[in-house]
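Asker: Going by the numbering used here, the first residue of the sequence shown is number 12, and it counts up by one from there.
Sharing a structure with you now.
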Amino acid sequence: MLVDFHVHSTASDGTMAPSALAERARRGGFAALALTDHDNCDGIAEFVKTGQTLFDKTEDAPRLTAGVELSIEPGTGFDKFHLLGLGVDPENAALKAFLRRVLEGRNARNRRIHANFARLGIEVAPEPHGEVLARPHYAKWLAAHGYARDIKDAFDKYLLPDSPAATRCYEERWHPPEAEAIGVIHAAGGLAVMAHPRYWKREWRMTGVDYAAAGRRLAELKEMGLDGLEALYAANTPEEDVEFTRLADRLGLLKSAGSDFHGTNKPEIALGMEVGEAFIAPLLERCVGVAGEKNHA
Ligand code: AMP
Ligand code: MN
Ligand code: MN
Ligand code: MN
12 MLVDFHVHST ASDGTMAPSA LAERARRGGF AALALTDHDN CDGIAEFVKT GQTLFDKTED
72 APRLTAGVEL SIEPGTGFDK FHLLGLGVDP ENAALKAFLR RVLEGRNARN RRIHANFARL
132 GIEVAPEPHG EVLARPHYAK WLAAHGYARD IKDAFDKYLL PDSPAATRCY EERWHPPEAE
192 AIGVIHAAGG LAVMAHPRYW KREWRMTGVD YAAAGRRLAE LKEMGLDGLE ALYAANTPEE
252 DVEFTRLADR LGLLKSAGSD FHGTNKPEIA LGMEVGEAFI APLLERCVGV AGEKNHA
């Protein structure tokens with residue numbers, strides 16, 4: 012069956028509107044699709060409304076799930092930890108307050124970035140997307156104003172932790188600790204699922220994944236309440252699919268499958284993951300929908 016539990020829309024850094032994604036799920040014969048924008052639930056209302064008006068009562072309609080992708084403090088020895096909240100209530104007060112704090116942390120970081128550029132004599136004025144001003148917006152502005160050849164060059168020169176000291180304007184933003192993020196996802200009625208474990212540690216890109224280290228840390232996270240692992244991920248190698256699936260089974264974590272679709276911003280990633288029914292049944296059992304299928308009667 013065709014599912015996708017990791018999808019970005021124009022509410023973060025994707026290029027398809029939430030309504031268009033709901034329509035694609037319907038036309039493409041998806042069993043389930045979760046909208047998981049970065050650090051916000053702003054696209055969910057449109058996503059749900061489209062599902063409800065387009066196909067809510069139909070037999071074979073896809074289950075639409077409200078989700079979010081949170082950037083978490085990665086923990087000692089790790090580099091990048093993204094946590095999916097699947098089946099959250101976007102109106103939950105604890106979740107809304109949490110997302111507000113994340114946004115404030117981003118804004119405080121941006122003020123430090125502006126000061127760094129000012130010291131270089133560059134008065135940056137990037138265009139935010141809605142309320143969100145992220146590093147790609149800076150990169151786009153720098154490239155457009157002749158301070159870099161292109162977006163990649165702008166990142167390399169100014170916006171990365173290892174940019175050259177003379178031009179580095181990078182600043183860290185606040186990342187919530189994992190226990191708090193898991194707690195908030197649970198408070199909002201969702202499942203906490205670790206996204207793309209292959210990116211957890213930067214050096215794994217060279218060495219391959221250290222499954223023993225990943226397993227030890229995942230066991231601790233499960234104790235903290237982690238519900239699942241995105242075992243099938245579009246960018247995984249076949250071996251990574253097999254090993255992360257094995258790891259999730261061994262630890263008793265729910266298994267998820269996601270593409271990390273971003274529309275034409277990442278044209279190499281297609282929407283949808285083909286999965287076996289036995290693989291995805293436990294997640295479908297636990298992960299609530301907000302429109303479509305027969306899941307919210
Ligand atoms: P921010 O949340 O403002 O720190 O920005 C993070 C975003 O920057 C990520 O989602 C990526 O899309 C983008 N990004 C990070 N590193 C790079 C890079 N080396 N080249 C291009 N884009 C990057
Ligand atoms: Mn993204
Ligand atoms: Mn991610
Ligand atoms: Mn993502």
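We treat Cβ as the ideally placed atom computed from N, Cα and C, and that holds for glycine.
On the CB-based measure, 16 or more other CB atoms within 10 Å of its CB, does D260 come out buried or exposed?
Answerer: Along the sequence shown, one-based indexing puts residue 260 at 249. When all chains shown are included, D260 counts as exposed.
Asker: What does the Cβ neighbour count give for D173, buried or exposed, with the cut at 16 atoms within 10 Å?
Answerer: Here the question's residue 173 lines up with position 162 in the sequence shown. Answer is exposed; the Cβ neighbour count stays below 16.
Asker: Would you kindly work out how many angstroms separate the C-alpha atoms of L294 and E134, rounded to a whole number?
Answerer: Numbered from its first residue, the sequence shown carries residue 294 at position 283. Numbered from its first residue, the sequence shown carries residue 134 at position 123. If you take the alpha carbons of L294 and E134, they lie about 48 Å apart.
Asker: Quick one: what's got a C-beta closer than 8 Å to I162's C-beta in the same chain, skipping five residues either side?
Answerer: Counting from 1 along the sequence shown, the entry for residue 162 is found at position 151. So the qualifying residues of the chain are P147, A150, K151 and A154.
Asker: Could you have a look at A268 and say whether DSSP puts it in helix, strand or coil?
Answerer: If you number the sequence shown from 1, residue 268 lands on position 257. Note: A268 maps to strand in three-state DSSP.
Asker: I need the boundaries of the beta strand (DSSP E) containing L171, first residue and last residue.
Answerer: Stepping through the sequence shown from its first residue, residue 171 is reached at position 160. Here L171 belongs to no beta strand (DSSP E), and DSSP marks it neither H nor E.
Asker: If I measure Cβ to Cβ from G96 and keep anything under 7 Å in the same chain, skipping five residues before and after, which residues do I get?
Answerer: Working through the sequence shown from its first residue, we reach residue 96 at position 85. Result list for G96: G78, V79, L81, I196, A199, G201 and A203, in chain order.
Asker: I need the residues with a C-beta less than 7 Å from some heavy atom of ligand 4; please give them in chain order.
Answerer: Output, sorted by chain position: H17, H19, T47, H49, E80, H93, A206 and D271.
Asker: In whole angstroms, what separates the C-alpha of N51 from that of P101?
Answerer: Indexing the sequence shown from 1 puts residue 51 at position 40. Indexing the sequence shown from 1 puts residue 101 at position 90. Computed Cα separation, rounded: 9 Å.
Asker: Could you tell me the distance, in whole angstroms, from the CA atom of K91 to the CA atom of W211?
Answerer: Here residue 91 corresponds to residue number 80 of the sequence shown, with the count starting at 1. Here residue 211 corresponds to residue number 200 of the sequence shown, with the count starting at 1. If I take the Cα positions, the gap works out to 5 Å.
Asker: Quick one: grab the DSSP three-state call for R74.
Answerer: Mapped onto the sequence shown, residue 74 falls at position 63. Three-state DSSP puts R74 in a strand.
Asker: Would you list, in sequence order, the uninterrupted alpha helix (DSSP H) runs of no fewer than 4 residues that lie entirely inside the segment 191-259?
Answerer: If we require 4 residues or more, the alpha helix (DSSP H) runs fully inside the segment 191-259 come out as 215-218 and 222-235.
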